[in-house]
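Here is the structure we will look at, set down as structure tokens.
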Amino acid sequence: MSKAKILFIGCGNMGGSIVSAIDSHDFDISVLKPTSPSPHLKPHIHQYYQSPDQINQTFDCVVLAVKPQKLSEVGSTVSHLLDSHTLILSIMAGTKSDHIASYLGNPNLPVIRIMPNLPVSVGEGISTGFANSHINARHKDIASRLFKNTGELIWLESEAQMDAATALAGSGPAYFFLTVEALTSAGVNAGLPEKTAEKLARQTLTGAGQLLKEHKNISAADYRRQVTSPGGTTEAAIDSLFNSELPRIYLDAVKAAIKRAQELAQGLTKS
């Protein structure tokens, strides 16, 4: 079976993480961006283009790995490379499939939206995907194989769920990192050396995450109850977190991320 030909438009941090995880036995990867890709990506890239004028071939899939604000510019420069069978795979936040197809000049284009998160760079990501009505089984197979080495890929039934998935999982690693920062600061405040506090915070959260990964039949709430002895130190800490309305703080954070995704979509609609 011949390799599927993939063109990445843009190749920043997230696009680069995906490129580095792709099996070169399955795909020929080309990249279109104004500046040369990072040196560590070059072994994974079959062809690099600085300008769309240099491209003289068609592709099975075009991956949009640019910021949403760049979509109109992309549409005007690469629409001639597409036909009705070209899979468009977008990793842009807050950009609906019909808007993508419209900007690319064909409302009937097969479009898959996938929202990855940063741990795809170490094969531990969780990505959520939505396929529009023009997608066939081959398109979905290409998308699944592109992401097979990045972690898990979950397909959503409704595009309306993408903003929530982006807010939870796409932005989620930042919530985790902020928690490590906060616990490190708390440890320093309590008298620990900073390096010791950071190591304790990092490994505690990483280890807790590994427990959840390896024992999927045990819920996070069950694990929390296991380590929260009545009248003990953990109970005192958990009570303090609930009194500070930590669950509401996370809820507000997710809502803020959803709102921003919707604002990005509205901005594209108006432009």
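Residue numbering for the sequence shown follows the numbering used here, beginning at 516 and increasing consecutively.
Heads up, the beta-carbon is just placed ideally off N, CA and C, and yes, glycines get one too.
Quick caveat: nothing in here was measured; it's all calculated off a predicted structure.
Going by beta-carbon coordinates alone, are residue i and residue j separated by less than 8 Å?
{"i": "Ile627", "j": "Ala608", "result": "no"}
{"i": "Ala580", "j": "Ile524", "result": "yes"}
{"i": "Asp568", "j": "Ala519", "result": "no"}
{"i": "Ala751", "j": "Thr665", "result": "no"}
{"i": "Tyr564", "j": "Leu586", "result": "no"}
{"i": "Leu596", "j": "Thr573", "result": "yes"}
{"i": "Glu713", "j": "Thr699", "result": "yes"}
{"i": "Thr661", "j": "Pro625", "result": "Note that residue 661 is Leu in the sequence shown, not Thr. No, the Cβ-Cβ distance between Leu661 and Pro625 is not below 8 Å."}
Within 10 angstroms of the Cβ of residue i, are there 16 or more other Cβ atoms? Answer buried if so, exposed if not.
{"i": "Ser642", "result": "buried"}
{"i": "His555", "result": "exposed"}
{"i": "Phe542", "result": "buried"}
{"i": "Ile773", "result": "buried"}
{"i": "Leu604", "result": "buried"}
{"i": "Gly530", "result": "buried"}
{"i": "Val577", "result": "buried"}
{"i": "Val589", "result": "buried"}
{"i": "Thr721", "result": "exposed"}
{"i": "His649", "result": "buried"}
{"i": "Asn647", "result": "buried"}
{"i": "Leu522", "result": "buried"}
{"i": "Val635", "result": "buried"}
{"i": "Ala716", "result": "buried"}
{"i": "Ser612", "result": "buried"}
{"i": "Ser786", "result": "Unreliable positioning characterises Ser786 in this predicted model, as indicated by a pLDDT of 49, which lies under 50. A coordinate reading is not provided."}
Taking the alpha-carbon of residue i as reference, which of the options has the nearest alpha-carbon?
{"i": "Gly638", "options": "Gly620, Ser734, Ser591, Asp538", "result": "Asp538"}
{"i": "Ser532", "options": "Ala697, Leu633, Gly620, Lys520", "result": "Leu633"}
{"i": "Leu766", "options": "Thr749, Ala675, Ala735, Tyr690", "result": "Tyr690"}
{"i": "Leu756", "options": "Arg739, Lys582, Gln718, Lys714", "result": "Arg739"}
{"i": "Ser566", "options": "Pro625, His559, Thr550, Pro631", "result": "Thr550"}
{"i": "Ala780", "options": "Lys548, Asn571, Ile570, Met677", "result": "Met677"}
{"i": "Ala768", "options": "Asp754, Gly747, Gly702, Gly685", "result": "Gly685"}
Q: Please list the segments of the beta strand (DSSP E) lying wholly inside the stretch 522-602, counting only runs of 3 or more residues, in order along the chain.
A: Restricting attention to beta strand (DSSP E) runs no shorter than 3 residues, the stretch 522-602 encloses them at 542-547, 562-564, 576-579, ordered along the chain.
Q.
So within the stretch 620-689, which uninterrupted beta strand (DSSP E) runs reach at least 3 residues, ignoring any that extend past its ends?
A. 626-630, 640-646, 666-670
Q. Are the stretch 671-683 and the stretch 722-741 touching by the rule of at least three beta carbon pairs closer than 8 Å?
A. no
Q: Jot down the residue ranges of each uninterrupted alpha helix (DSSP H) in the stretch 744-769, minimum 4 residues, whole runs only, in chain order.
A: 748-758
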